[in-house]
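In the working numbering, the protein residues as written are 17 to 164.
For each residue, glycine too, the CB sits at the ideal point set by N, CA and C.
Owing to the predicted nature of the structure, the values given are computational and were not obtained by experimental measurement.
Printed below as a string of structure tokens:
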């Protein structure tokens, strides 16, 4: 009986030692796997942040062109209004006032079309940039999948 108990204790000790060794080995493997996952996640996260940053830059650029165009248009209108009104006030002949009115109408139409064209071009450039970025993202994502 004592021998049997001793044999069971020894076997139990060996089994416990073997389990501790396996646990330690599994923890090491898990640590390596975790480090690999982190290294894989970092480029993916970095790429996601780069995409978000690119989107924000494009939006900022579009908004800045739109607001700058509007601001310049307002300043331009103020200057031309002042100029044309000054010519009206200072002109002595009716013919000069009529010419001034026609010039103002032509000028206002032309400038309205110029600023509208700038806004349309800005929208189109933004749309093309979005398309190019979408194509590049698909290519990157396709290449990333092929690398695995």
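In this structure, how does DSSP classify residue i when only helix, strand and coil are distinguished?
{"i": "residue 84", "result": "helix"}
{"i": "residue 108", "result": "coil"}
Whole-angstrom Cβ separation of residue i and residue j, contact assumed at under 8 angstroms?
{"i": "residue 74", "j": "residue 145", "result": "6 angstroms"}
{"i": "residue 85", "j": "residue 134", "result": "5 angstroms"}
{"i": "residue 78", "j": "residue 138", "result": "6 angstroms"}
{"i": "residue 115", "j": "residue 100", "result": "Going by Cβ atoms, the distance from residue 115 to residue 100 rounds to 11 angstroms, so no, they are not a contact pair."}
Could you tell me which of the options sits nearest to residue i, measuring between CA atoms?
{"i": "residue 120", "options": "104, 87, 71 and 63", "result": "104"}
{"i": "residue 89", "options": "130, 80, 115 and 52", "result": "130"}
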